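The next block holds one structure in the form of structure tokens; read it before the comments.
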Amino acid sequence: MNLSPLLGLVVPGEGPVALALSKAQALCLQMSELQSASERLLSRLQNLLAELQRMEREDQLPSANLLESYAVLVTRYLRFLQLNSCKSLIYRVVKSAAMAGELQQLNEKVADLLAKLLDADIVSWETQWRADRFVQDAVLAATLDDSSLCFRDLQSPRAQMEALLTLKFEVEKKSSRHAEEDLTRMRMLVGKIGSVSRMTEVALPSWFIPDYEVELQSKPFARGRLASVYYGAWGNESKVVVNQLCVDESRMDETASDVFSLAMCIIESSTGVPPFRFLSEKDAGDNVRRGVIPDKPDEMDADEWGLLLMMTSVDPTKRVKLDYVVEKLKAFADRDQVSTLEAIGACSSCCAAISPDSRFCSSPTQHAFQPGNPFQMDTSPEFLPDSGVVFLLHVIEIGSVDDQEHALVTLYQTCLSSYRRKFVYDVNGVSKLIGLVKRGRTHFLRACALGILSWAELDSRLPLKDLDSLRKLVGAATLDGCNAIAASLRVINRPSKIKALVHCACITGGRNGANMDVLRNAGVVAPLTALLRNGDQIQKLLSICALGRLAGHIRSCEIMAQNGAIDALLSCLRAGSDAQKEHSAGALSRLTVSRDCCNMLVEKGAIPLLVGLLQAYSSATRFHGACVLGSLAMINVKNRSAIIAHGAVDPFVELLQSGNERLKTRVACTLANLTVDKTNRGLLVRADVIEAFVALLQGGANYYRGQAARALANLALDESHIDAITQAGAIPFIVSLLRSHSRNEAARALANLSYKPESRYVIMKGAIEPLVEMLRETRDNMSELAARALANLALDANSRRVIAELGAINLLARQLDFGSATIKECHSVRALANLAADEAYHKEIIQAGAVPHFVAHLKGDVVKLKTQAVLAFANLTTSAESRNAIANADAVVPLVALLRNGTNTQKDHALRALANVAIDKCSAGVIKEAGAIPLFTELLRSGSNKQQDHAVRAVGSVAALGGEIARSGAIGPLVELLRNGTHNQTFYAGCALAASALSGEGRSTIVAEGAVDDLVSLVRDGSDYQKIGAAQALNNLVAERNVVETVKTAGVIPDLVALVGARNEKLNDSLARTLERICGESGNHSTVVSAGAISLFAGLLRSGTREQKEDAARRLHHLTGDENTSHNFGEVVPKLVKLLDSTVEAVKKYAVSTLANLASNDVNCAKIASGGGIPRLVGILQDGTDDMKSDAVRALESLAMNNQANQSEMNALGIDSLLLELRQTGEPTRSDTAPRALERMDECAPAPLKRMRRDT
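Residue numbers (my numbering): 725 to 1980.
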């Protein structure tokens, strides 16, 4: 199996480009003001990768250099994001222009690459880029105006001082690299920070360099207690060594030691005994270094011991901060106080007594809870009564921090049910949770409230932009906080685990990739997976939610898979509760961002489980099941076939008819993906997916209408499905999408559907105009898809007319580009080639400048473009004007070259084009000089039927140039086609042989190949069409006397006579000329006469055209040269006499010469005289030509012989004087015939004169 070239496109240190782009997606979220611009560039790169994948499927990948350029570009983009994401406000202010400049350069590189790969226009991205720059400046300015945002990262004096020095460094030392407006912004910020920090007189030290000016290696090459030494680069070239004081590290180590010491103090205060009291100082120190601490004291509960574990981590960096310890100790104290008050029946907030029959104290605010409050009940939160939900929301508004946290934990579990969430929304829960996000006193409160609101956004109860705004208020999770969560997940105390599970799920929600990274690094995956396997039902459910939220990044997914999360989730799918199944499906759907996880799911037999989810009661479960199957379907054909084999199609089709728009969208996309494979399309069609997709097209969201169009486009790749799609009424709805955002999918569908004439007829009614409009578009491959669709529609004559009338020819010609080889250009050439099938559009195509592009493609290396270009020439060469333009464009030589090296299709079209071009003699000479004749001969011998069709026609066109056809060995194959070819091949073979027979060498070869009998056979038994070529060949061959004898021997003369006068003028002319040549041999006269030629010629003399009368008289002249047969011509004599009155000299000439021959017979003489021939002949003696006078004298001599009546008539007409004058003074008008005419007059004139004198 050949590996895909795209697999070799990698980003160093990151993996394949697809993986690198997924990493870039997370980094884009951390680009602050440049997020929109970064995501837009990412989208362009992703679209380009998708296009490369499509080109690969169609075996049209560009060169390796261009592919490598794409990989380099992705690498540069990812490095840009890694360098500039998650940066402070000061960095973003200083680097604003530089970052924007780098992004602009990247966009330009993408545009250049797109131009080379896809011929894409870059105007649209430049317009959007200007908008993105405006947004960047506006957001940055608004941030600087907001003091809370401005000083969020500048809380400490040290941070403020570093910011001041950095800004001063740029203003005072690097002003040349900034625009004035950026410098003004920095000066304003210097003043603002100085005013707040009261550092107004800070001078910039000469030694100060901002940290971003020096790029340090990742690891120090030397390290001491107070400093680390790094190699680095300063600027473009300077290599430096940096001694970096570990001030923060020292403080961190010092703080970590304090935390550890405090932990030991807490143990001592709980037990009354110092830790390690029985160990030596050395052994105690070893225990500390190895992370060994005393066992859990009995006096401590699980929560307290969990805090001690976090305080004594062997890794100082993972110990919690002192602030966190203090906050937790306060919480423990408050909890102990509440327990004491509850034990004595007092309010935990105001210490007031609580009546035994009341749930609240006597305070009007009703802020306390009795010991059995709803979020401490044993009942599952999923079944919490409505009153309990109201109570929880009330606690969220007015309770203490601990009460609010308990209430949120319970409310979160309640909201795991989509049904219960609806009630939360109905009792104004969204606004109360928003208030908690804004005013919550702990990170847990804000994060948990936001986590519940994330469901509100999914349920369309909160706009996404509002959720994003609230997310900024929550802030990022700290490493200490995440370490605390990880520790709590491992403790025995159930409430702590539940709270940690909820906290973990909530801080990973949304698009906060940083939180996911911190949580993952804190090691939460392993305990979450353990709880998923071994926890109680609530813990399992919450673990599923947390893992599902954490699965937003590929690395997290891989760690989960390594920890066995996939097996545990599949177990829940098999045997869990409905809620566990729903959220397990959701977690799996997020895990499928990792291809490795997808493969594991398939290997572990997940597909039948997932197909079963499609029929679950919960719409959310069905949705997640469809999502996972959709992701698996995108991997490979094996998965898609398995999904279909396990019965997914029917439930998918049923889900398309549901009222859940979100679910329909996902199902439509998945079903569209299933149509990619040819092997699956038949199964899908038999499952009635066509009708389901047509129903989607009829209304609803634009997205799934587009997916329906995409699916039908794939199904239409099989010609057998086109009729079903057409009959289902899909085409009008697809046509309507041409003016929507889904026009790409619509154009592709119409392009595929238009392969069949029946569907083309439906498509052309409304699609051509919007498709022509799409040719003007330069983005999203619209013009390419439009050209492809129009190319197919142009196969229909009516469509060609509409396409041309809408001005598409010039638009298509503009898509052509010298040196380009894009798919769009290929479709444009094909469209023009199909339009050229009508000669009416040849002139416009030529004037649009398309011919030089076609020639360039003939000479190029792209097979598809060559094929379409040669097709264009084959169609264009049917008109004389186009043939001239093509010949002048030097197209002949590359056309001949295709006969040597082209594909079979290219040879077919090249032969047709050359056969048409060869009609013009000048071009035929060029074809001959280009060495085409031997190639024609070879294709005559061994080419396909179609190639032989065109080759025999081409040979016929060039054969008249000389004997080269015979010398090339073409006569033999031509004779073979004459015998055994198709109807058309037989005709053209006859024509080619006719042209070859014009030369003596050709005639000899044709006779030697035994073709005469075959030609005779065709003349006798072939169709009128075949008889034309055969008759032309015979006519040229009978110039050889031996051929005439062969024809006579073959007994074809009667057939020739019978066919002369046929309705087909060309056939009649060829046969008559052949017969005339045969008549020129006296030995053939009797055969011709006996075959009935006389009656035939008599009929022509009577009612034929002027040309036919002339030809009949001439042929009678040849036949009447034999006196032995003159008695057979009596019936033509009266007609010949009448022809003596003809005004056409040639007709009169052959009439008088034929009568002179026939007058040797007495019967004929009588008919000449009785028909009025004598006065006419005498008249010819007066004003005829010399040849006519000679023949008239011969006729009159025969008429006067032994016939007194005739003699008397002649005397009366004054023939004596005419004959004497003719003899003495005859002056022929044509000097070349005068001697012969005078000789005949000398011989013929005296004899009748003497006889007439004697008789009278």
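By construction, the Cβ of each residue, glycine as well, lies at the ideal position given by its N, Cα and C atoms.
Predicted model, so just to flag it, every value in this text is computed and none were measured.
Excluding five sequence neighbours on each side, which residues of the same chain lie with their C-beta closer than 6 Å to the C-beta of residue i?
i       : result
Ala1598 : His1633, Arg1636, Ala1637
Ile1017 : Thr1036
Ser1104 : The predicted model places Ser1104 with a pLDDT of 48, which falls under 50 and marks its position as unreliable; any figure quoted below should be read in that light. Closer than 6 Å at the Cβ level, and outside the excluded window around Ser1104, lies no residue.
Gly739  : none
Val1114 : Val1151
Phe1099 : Because the pLDDT of Phe1099 is 40, which lies under 50, any placement of that residue in the model is unreliable, and the question is left without a value.
Apart from the five residues on each side of it in sequence, which residues of its chain come closer than 7 Å, Cβ to Cβ, to residue i?
i       : result
Glu1529 : none
Asn1363 : Val1326, Leu1356, Ala1357
Glu1733 : Ile1695, Gly1696, Val1699
Leu766  : Leu745, Ala748, Gln749, Cys752
Asn1207 : Met1034, Lys1042, Val1044, Ala1246
Between the options, which lies nearest to residue i when the distance is taken from Cα to Cα?
i       : options                            : result
Cys1393 : Gly1354, Arg778, Asp1374           : Gly1354
Leu1033 : Ile1570, Gly1009, Ile991           : Ile991
Ala1656 : Ser1692, Asn1669, Ser1666, Gln828  : Ser1692
Ile1331 : Cys1296, Gln1304, Ala1369, Ala1340 : Ala1369
Val1038 : Ala987, Ala1411, Gly996            : Ala987
Gln770  : Arg1665, Val798, Gly1009           : Val798
Glu1890 : Gly1854, Ala1448, Leu1863          : The identity of residue 1890 in the sequence shown is Ala, whereas the question assumes Glu. Comparing Cα-Cα distances from Ala1890 to each of Gly1854, Ala1448, Leu1863, the minimum goes to Gly1854.
Leu1905 : Ile1939, Leu730, Ala1924           : Ile1939
Leu1619 : Lys1645, Glu1605, Gln1592, Val997  : Gln1592
Asn1476 : Ser1460, Ser1444, Met1498, Glu1501 : Ser1444
Leu1338 : Glu1378, Lys1873, Leu1117, Ala1396 : Glu1378
Ala1875 : Arg1319, Asp1204, Ala1836, Asp1910 : Ala1836
His1577 : Leu1559, Tyr1565, Ala1564, Leu1536 : Leu1536
Val1133 : Leu1169, Asn1207, Arg778, Gly1123  : Leu1169
Arg854  : Gly1175, Pro736, Ala1511, Gly825   : Gly825
Asn1287 : Cys1321, Leu1265, Gly1300          : Cys1321
Val1616 : Leu1589, Glu1282, Ile1651          : Ile1651
Lys1548 : Gln1750, Leu868, Ala1510, Val938   : Ala1510
Val1373 : Arg1405, Asn831, Thr1345           : Arg1405
Leu1191 : Gly1199, Leu1174, Val920           : Leu1174
Leu1901 : Ser1922, Gly1753, Met1498          : Ser1922
Only counting the same chain, and skipping five residues up and downstream in sequence, which positions put a Cβ closer than 8 Å to that of residue i?
i       : result
Ala883  : Asp877
Leu1271 : Val1249, Leu1252, Thr1253, Leu1256, Met1284, Ala1289, Leu1293, Ala1311
Arg1929 : Correcting the residue identity first, residue 1929 is Ala in this sequence and not Arg. Within the same chain, Ala1929 has close Cβ partners Ala1893.
Pro1375 : Val1335, Leu1338, Gln1339
Tell me residue i's beta-bridge partners as DSSP assigns them.
i      : result
Val734 : Pro740
Would you call the segment 1142-1149 and the segment 1171-1186 in contact, with 3 or more CB pairs under 8 Å?
yes
Length-filtered (4 minimum) alpha helix (DSSP H) runs lying within the segment 1543-1631:
Listed in chain order, they are 1547-1559, 1566-1571, 1574-1583, 1587-1600, 1604-1612, 1616-1625.
Touching by the beta-carbon criterion (3+ pairs, under 8 Å), the segment 1424-1443 and the segment 1392-1408
They touch, by the three-pair rule.
Entirely enclosed alpha helix (DSSP H) segments - the segment 757-817, minimum 4 residues:
Listed in chain order, they are 759-781, 788-808.
Suppose only complete runs of 4+ residues qualify. What are the alpha helix (DSSP H) ranges in the segment 853-907, listed by chain order?
871-874, 881-897
Quick check on the DSSP output: what are the complete alpha helix (DSSP H) runs of length 4 or more inside the segment 1269-1317, in order along the chain?
1278-1286, 1289-1299, 1302-1315
List, from N- to C-terminal side, the alpha helix (DSSP H) runs of 4 residues or more that fit wholly inside the segment 1200-1225.
Listed in chain order, the complete alpha helix (DSSP H) runs (minimum 4 residues) inside the segment 1200-1225 are 1203-1214.
When the Cβ atoms of the segment 1217-1225 are set against those of the segment 1040-1057, are three or more pairs found closer than 8 Å?
Using a C-beta cut-off of 8 Å, the segment 1217-1225 makes no contact with the segment 1040-1057, since fewer than three inter-stretch Cβ pairs fall below that distance.
Ignoring anything shorter than 4 residues or poking outside the segment 1703-1748, list the alpha helix (DSSP H) runs there in chain order.
1707-1720, 1724-1732, 1735-1745
Is the segment 759-770 close to the segment 851-869, with three or more CB pairs under 8 Å?
yes
For the segment 1442-1528, which segments carrying the alpha helix (DSSP H) assignment without a break, of at least 4 residues, lie completely within its bounds, in sequence order?
1443-1451, 1454-1460, 1467-1477, 1481-1487, 1492-1498, 1506-1517
Can at least three beta-carbon pairs, one atom from the segment 1512-1523 and one from the segment 1467-1482, be found at a separation below 8 Å?
yes
Are the segment 1854-1873 and the segment 1904-1918 in contact at 8 Å, needing three or more beta carbon pairs?
yes
Using a Cβ distance threshold of 8 Å, determine whether the segment 1705-1713 contacts the segment 1744-1763, with at least three qualifying pairs required.
yes
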